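Position 229 of the sequence shown, counting from 1, maps to 1064 under the working numbering, and the rest follow consecutively.
Glycine is no exception: its CB is placed at the ideal position from the N, C-alpha and C atoms.
Remember, it's a predicted structure, so these values are computed and weren't measured experimentally.
So the structure is just underneath, and the comments pick up after that.
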Amino acid sequence: MPPRPAGRTVGGHTARQLLALCELVGLDAGESAGYARALTDALGPVVHRSLDLPPAVPTFLADDHTPVEFSLSFSPGAAPSLRVLLEPASGFGTPAESSRLGLRALRALARRWDVSTEKLDLLQDLFLPDDPQGSFSLWAALELAPGGAPRLKAYLNPAASGPDRAGDTVREALRRLGHHRAYDSLPPADRLLFLALDLGDWATPRLKLYTAHHRLRASVVGALNRMADGPSPAETEAFLYTAAGLPAGHDGVFDRRPVLACHSFTDPEADRPSGFTLHVPVRDYAHDDREVLGRAEKLLPRYGIAPDVLRDALGALTPRRLEDGVGLIAYLAMVHQQGHDTRLTAYLSSEAYRVRPPNRRPSGPRPAH
């Protein structure tokens, strides 16, 4: 790989990447500049930190501890949707101080576009306690829409008051939000990872719950879906097999990073979720990013989506060769939501600090016996 130029900063690197992706999906220059300013403002003082230094603090958001992740969501016949996920005011001071600064930064984003944080305010004591625990306190996501006003999401940590209390924390949050039957509709899981809230003026605001499924057997993945009109077990299995590079007819165990399921809820009166997403951590089950891109290039046309924008997005993020690392594409996801076409989403790493070397061990899931 070519040497990295000296003098780069976290803010400069991630803002450049965001501008390049905005151009790729057709956002105009003025909108894109505004979104880049919002990103760097929300990150806080870390934007000025030199990338010649190690990360200021670890962040669970990315393998190399960059406090930013991008994603492109693809639907047939539509332009891709660009999203940026960030850890606002990431990691400054104690966990309690970082939590307070992160909440302040998210509220500043909300004021910028006149977005209500009422739902988040209802849950603040549950997820942002005085002595927070766990790997993060608060993430913010901006879905970058034309017109200069993004859709805002907040990601909260169920283990903030302790991992042993995660279930009770989520149950109480759902009670306060009026979704009394949501928790019991979830599939069995090893861990509750995130509770996510759509904030402000969404056409159909969602509450989303993410669950981790350690050592999942590929042959049973269809049982994760709890959505009434969601994908068939065969479709879910076919997506997983291709994303993970698992040959048809071979079962496998995901014994490294777990497969994630996300269920979204829109109607408090419903007893089933309105959406289901399967997230496959492809960076742990492929040799390099060239292999992962090849899998994505098989999946996208199945859903009527051309793969060229994803290829171009990888080039916009980094000049490195895809075979020189793994993790530029961190996850591939299949998204089902009532009333919408199936979407595929690729989660893309900034790699501001480090490129993860190719995996040397067998790349796919461990064969099941």
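Of the candidates Tyr1120, His1049, Gly1110, Asn1060, Tyr1120 places its Cα closest to the Cα of Pro1082. Runs of the beta strand (DSSP E) lying entirely within the stretch 1070-1104, each at least 3 residues long, are 1087-1089, 1094-1100 in chain order. Taking 8 Å as the cut-off, the beta carbon of Leu907 is found no closer than this to the beta carbon of Val845. Counting along the chain, the unbroken alpha helix (DSSP H) around Gln959 starts and ends at 953-962. Approximately 15 Å separates the beta-carbon atoms of Leu1012 and Leu1027; this is outside 8 Å, ruling out the contact. In this structure, the straight-line span from the alpha carbon of Asp899 to that of Phe905 is close to 14 Å.
Under the three-state reduction of DSSP, Leu1012 is assigned to coil, being neither helix nor strand. Within the stretch 1093-1162, the runs of beta strand (DSSP E) that reach at least 3 residues and sit entirely inside it are, in chain order, 1094-1100, 1110-1115. In the structure shown, the three-state DSSP call for Val892 is coil. Glu858 carries a helical assignment under DSSP once its states are collapsed to helix, strand and coil.
In this structure, DSSP gives Asp1064 a state outside helix and strand, which the three-state scheme calls coil. Given a length threshold of 3 residues, each whole run of the beta strand (DSSP E) inside the stretch 965-1022 is given here in chain order: 973-979, 986-991.
When the Cα atoms are used, Leu1009 and Leu1042 turn out to be separated by approximately 9 Å.
With at least 16 other beta carbons inside 10 angstroms of its own, Asp1123 counts as buried. Pairing Ala1096 with Leu1075 gives a Cβ-Cβ distance that is not under 8 Å. Put simply, the backbone Cα of Thr901 is about 9 Å away from that of Glu922. Residue state for Pro902 is assigned as coil, using DSSP reduced to three classes. Counting every other CB atom within 10 Å of its CB across the protein chains shown gives Thr929 a total below 16, marking it as exposed. Taking every protein chain shown into account, the CB of Ala1053 has 16 or more other CB atoms within 10 angstroms, so this residue is buried.
Lys1133 counts as exposed, since fewer than 16 other C-beta atoms from the protein chains shown sit within 10 angstroms of its C-beta. Of all alpha-carbon atoms in Pro964, Ala1151, Gly861, Ser1020, the one lying nearest the alpha-carbon of Glu1104 is that of Ser1020. Nearest neighbour of Asn1060 by Cα position, chosen from His1098, Leu1030, Ala1079, turns out to be His1098. Taking Leu896 as reference, the option from His1175, Pro1193, Ala1165, Met1169 with the minimal CA-CA separation is Ala1165. Taking C-beta separations shorter than 6 Å and ignoring five residues to either side along the sequence, the partners of Ser910 in its chain run Asp1176, Arg1178, following chain order.
Taken through DSSP and simplified to helix, strand or coil, Tyr1188 comes out as coil. For the 8 Å CB-CB criterion, Pro1200 and Gly1087 form a contact. For Val1144 and Leu859, the gap between their C-alpha atoms comes out near 7 Å.
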